[in-house]
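Using full-length UniProt numbering, the first residue of the sequence shown is number 1, and each one after it goes up by one.
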Amino acid sequence: MTNGCRICGFHTEDITHIKALVRKCHLPMRHVIRYLSHNKITKIENGPLRNLQNLMYLLLSNNNISKIEKKSFVNLPELYEIRLSDNKISKIEKESFVNLPKLHEIRLSDNKISKIEKESFVNLPKLHEIDLARNEISKIEQNSFVNVTRVNTLDLSHNAISSLEQNAFETLTEIERLYLSHNKITKIENGSLRNLQNLMYLLLSNNNISKIEKKSFVNLPELYEIRLSDNKISKIEKESFVNLPKLHEIDLSHNAISSLEQNAFETLTKLKTLDLSHNAISSLEQNAFETLTEIERLYLSHNKITKIENGSLRNVQNLVSLLLSNNNISKIEKKSFVNLPELYEIRLSDNKISKIEKESFVNLPKLHEIRLSDNKISKIEKESFVNLPKLHEIDLSHNAISSLEQNAFETLTEIERLDLSNNNMSSVTQGAFENLYNLKHLNLSYNNIQMYEDGAFSPLGNIKTINLNGNEKLKCGHHLPAVVNCMTSRFYDVKVLGECLTNLDTEEDVLMPIMNYSRSQMVCNKDTTSINNEDFNWQMTKVGTNATIPCHANVATRHCSSRKAGYLESQNKTSRKCSPVTGVWQEPDMSQCNNTEWITQALKSIKSKGVDVEKFERLSITLRNISQRSVYFKAEDFDLIVDICEKMMPLLPIASLNIMPKNILLTIDNIINAPEKILVEVQQSHGIVSRMLQIIEVIPEKIPLEEQRVTAIYSNLGIGAAKVEKSTFNGHIHAVSFGTNETEARSEIYNDSVSQVEDMMDIISLPKSLLKHRKDEEQSKFSRISFFCLRDDKLYRVIQTSNNQTTTKVDSRIIAANIPNVNITNLDEPVTISFNVIDQNVTNPQCVYWDDSPGQNPNWSSKGCNIYKYVPGKNVVCSCNHLTSFALLMNVYQKEMENNSLLSIISNVGCGISFVCLVLTIIIHAYFKNLWKLMASKVLVNLCVSLAATCLIFLVGFQEYSTKIAAVCKAVAALLHYFLLTSFLWMAVEAVHIYRGLFVFKPIRSSFIKKSSILVWGIPAVIVIITLATNNMNNYIKSDQVCWLYRKAFYAAFLAPVVIILFINLVIFLRVMWRLNSMQNDTQVEHKTKKVRVFGIVGLCFLLGLPWVLPFFAHGEAAEAFHLLFAIFNPLQGMFIFLCYCIYKKDTRDVICLFVCKRKTWEPRQALENIRSSISHHETECKKAETNL
């Protein structure tokens, strides 16, 4: 029978009940039913299949059976296989399968079974295979498989099993294959696999196992393969796999393993394959695989390995395949791969290897293949590959190799395939492939190869394919076609892929297949000569012609002559070589190199003929070519060429935009390259540089605007111009970048002031209110905006030097904006200029513009310009209220920078000590009632709280991490601002308190401290809130690696009130000194009292914050000394307060002594009387002190 057959006239698709089938079909007792799958059967009743004595195969898969009744399958002595897969069975009852003496296989996959009852399978002596895959089983009960001891395959994959109980499979003593993959197992209990003496294959992949307990796999003498891939295992501990004498393969891929303990696989002496790919292993410890003496395949790809330690692969003598691709390996140590006599393959692709050291691969006698693609290798050292006699293939594609050393592969005589595609090679030198006699396939595609030397491909005597595709700048040469034709004519066809450029008979390059380059087109290939340590590069030249190249102020020439064709040097297969047929270079003629007279004569000739519209474009090209020799110009030459450029300016509006302005700009760009010394001379004599700047400014004002905007940028300068209409003007942005080695120069204009621009570009942004308050006459002239930029301040520096002015460091590009014939000043909304700093180590930025007002020497001025935002080492945003040329002025205080570290250490230590002392002072004066009731103590405690908060913010907030987040930076600056102001105000309160006690003979009211507290804690809060609310919350900025106030806000919101307070405190201090001096004539004052007074004066000095006066004296040569004194005394203010008002002050000492006495259980009454007497005495002294101080 087959599916679709008829049984008793019923189509199999119509069968819904086994009993009905047997009754209606009158099946004989010995009938064999084989196929009942893909029907609609819902139930198997007890008895329908009774007496089918010869039934061997019962296929009931893909039905709707939901339950198997007890003894549904009974009296079926010949039954060999039951298939019940793809049904809806949810439970296997007890005695579901009993007394089936020949049953060999039960398939129950793809059902809804959630539990296997005990004794579900009873008296099945021949049962070998149970398939329970893709069910909903969550737990394996003990004795679930009792009396089925002959089972050798049990498939429980794709279920919901979360744990393996002890002795779960104890009765399956004959099992060979146990499939538990795709479950939810989290742990393998010790003993759960006990007694499985014949188990060979254990599959536990795709579970949630996070740890392998010690001895989880023990007493499994026949185990051949374990699969633990796609779990959550993070570590392989020692003794995880022990006593597994026949284990050949472990798959631990796709886990979270980060480390391997030494000798983790210690006893696995027969292991052949270990897969640890797709994990998080970061390093291979020495001797990690030392005991795996039989290992053949080690897979470690897709990990985080950064280094291969010397010795980590020691003793793996039988290793054949080693996969280390897709890691973070950056370097291959010498002899990392050593003593691996059977190694056939190494894969190291997709790593970060930048260099192949000498002897990286040595003494690997059977190594056949090395894959090093997709790395960062830039160079192949000679002897990188040594003693690799069987190496046939190297893949070095997708790297950064720029050149091949001569004889780089000379020892690889058996290499057949070499892939160097997708690198950065610009040429193929002679000797690069020396000794590669057996190389058959060479891939050099998608490099930047522009030429190959004669003889480069000659050693390749057995080459079959050379791929040069994708080398778009490759110049045609005769050598390769000659070699290939030679090989083809004598041995076999050689295939060359790729195209090359030739311009021998045409003005422009022509692209043609490499092998189409005619043998008759004999040429001299590219060549380089060195004369007086200067290299001269000669381009490919046709035989019988001269090559001409620039040479100093003039040109050098060289003749290319012919020579006869080469010949086949040897018929020997290993050394056969074809010589190329090509021209021969003669000695170069350098006699005219230093002749500069032609420059002066050419410029004089142009000037004498005059400039008109017909000659305009041709003359601009001539000037551009002559200016390329500007480094050899004499003073007369500068005057002539600038004069000619000035005469061209009136013709700009009618010139072709793509030719004339471009050529004049390139002319000025070339002149800027002239030595600065000669530029200073011509500026002093003829004002050349000022005239050049005028030309640069005029060009964007005069060039015709055929489009909405025009930009151009060259090596030293750039310009831009844009059409505008006053009715639709919405601001403008000019963004410029002169590029780097990795990026191209760019100049862009946006017709608004809010466009997003890349951080790498310098920008000038004009506000949309630019024309506000402008006169009608000025607005009528508003039709274009012109921009220009300069790479550096060289021209401005020349002008300053020529005027004997001191030059300052400009650390930015120069960027300028103008409206022709309109003077823009006193803007309501400022122009913003964003500069990327050039030198990241400079400090103290200043936004400036070039002030060339009449009646003064031109100079950099900061008038009307301010710093809006400053990110040290990165960029500065300036705001200015006018239009002109802007730059960023920086001062480099190298010595100051060297001292900053020392001052920072002193300040941090001092603040730390002060913070501790201030906290102690607060505790002492607030805790002891006899001190706290004094007015002086209350004022002192408030001052100490404010100073302690200031110290804490300085220590915690003035760190590098606080400057990384703008909000945190502003918060630190605002808090420091607030507590510094409160500290100074409490110092002022101290001064007032002392003054009243000394000069105003009235008792101080208790309300004094309340009123003082309200004012002192409130006024700074108001100042900080106002500071935050103004200037868009940008008054608190990151400046010089710290978070502090913007310059204007610093002066107004901090320095002004501090100066006032210090002045008041200083006046009071001087009055106190005068009063104490008048008391020195009193003979009744004892020497000890005088000593107290002197120490009190020191304490008073720090109490009133007078060390803050020191920075005002930091000028000139004394600046460094005063900065050092300030860094020492100011942070230690808290320590001096503690010493003066806690340690040296007697009444404070007595109170502390009382506290200590109580601790030591002294005579309470006697101590109390002594203390009271002392306090009474010192209260009198305090009143005197309050009166005297």
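Glycine included, C-beta positions come from ideal geometry on N, C-alpha and C.
These figures come from a predicted structure and were not determined experimentally.
Element boundaries [alpha helix (DSSP H), containing residue i]
i     : result
L766  : Where L766 is concerned, there is no enclosing alpha helix (DSSP H), although the beta strand (DSSP E) it sits in stretches over 762-766.
Q694  : 688-702
Q1133 : 1133-1138
P1020 : 1007-1029
Inter-residue Cα distance where the pair is residue i and residue j
i     : j     : result
N198  : N167  : 15 Å
V494  : T557  : 38 Å
N716  : I672  : 7 Å
T806  : R797  : 9 Å
S397  : I356  : 14 Å
T186  : L178  : 17 Å
I305  : F73   : 58 Å
Y492  : E416  : 16 Å
V496  : M487  : 12 Å
H104  : E81   : 6 Å
L998  : I1023 : 32 Å
G721  : S885  : The residue asked about is misnamed: residue 721 is Ala in this sequence, not Gly. Their Cα atoms are separated by approximately 15 Å.
L889  : L947  : 36 Å
I785  : E725  : 10 Å
N826  : S737  : 29 Å
V584  : N447  : 28 Å
I257  : N351  : 19 Å
K184  : Q262  : 30 Å
G1134 : P1107 : 12 Å
S90   : S66   : 6 Å
Same chain only: Cβ atoms within 8 Å of residue i, ignoring 5 sequence neighbours per side
i     : result
E342  : E296, Q317, N318, L319, V320, K366
I1019 : L981, L985
I449  : M425, S426, S427, V428, L468, N471, K473, L474
D793  : V810, I814, A887
G311  : Q286, N287
V682  : A635, F638, D639, I688, V689
For residue i: DSSP bridge partner residues
i     : result
R558  : A547
I68   : I44
H734  : I749, I764
C847  : L888
W1044 : I1037
Nearest candidate by alpha-carbon position, reference residue i, set the options
i    : options                : result
L268 : K214, L480, F289, S253 : F289
L442 : K88, Q450, S229, F433  : F433
E239 : N195, N219, N255       : N219
V919 : N64, H38, C944         : C944
E414 : D535, L404, G461       : G461
L511 : Q586, E359, C476       : C476
N146 : K464, I137, S861, L172 : Correcting the residue identity first, residue 146 is Val in this sequence and not Asn. Closest by alpha carbon: L172.
K88  : E748, Q628, L298, S109 : S109
D762 : Q779, S780, K772, R791 : R791
M760 : K772, S747, P767, S769 : S747
Close beta carbons around residue i, own chain, < 6 Å, minus the five adjacent residues each side
i    : result
V148 : F121, L124, L127
C645 : I664, I695
N231 : N207, I209, N255
I394 : I370, L418
Residue i beta carbon near the ligand MG (any heavy atom closer than 7 Å)
i    : result
I140 : Although the ligand MG was asked about, the structure shown includes no ligands whatsoever.
Same chain only: Cβ atoms within 7 Å of residue i, ignoring 5 sequence neighbours per side
i     : result
R150  : P125, K126, L127, H128, E174
Y714  : L665, L666, D669
K335  : N310, E359, V362
P1131 : S907, G910, C911, S914
Residue range of the beta strand (DSSP E) that includes residue i
i    : result
K473 : Neither: K473 is in no beta strand (DSSP E) and is coded neither H nor E.
W860 : 859-861
S786 : 784-790
F958 : Taken as a continuous stretch (DSSP letters only), F958 belongs to no beta strand (DSSP E), as it is neither H nor E.
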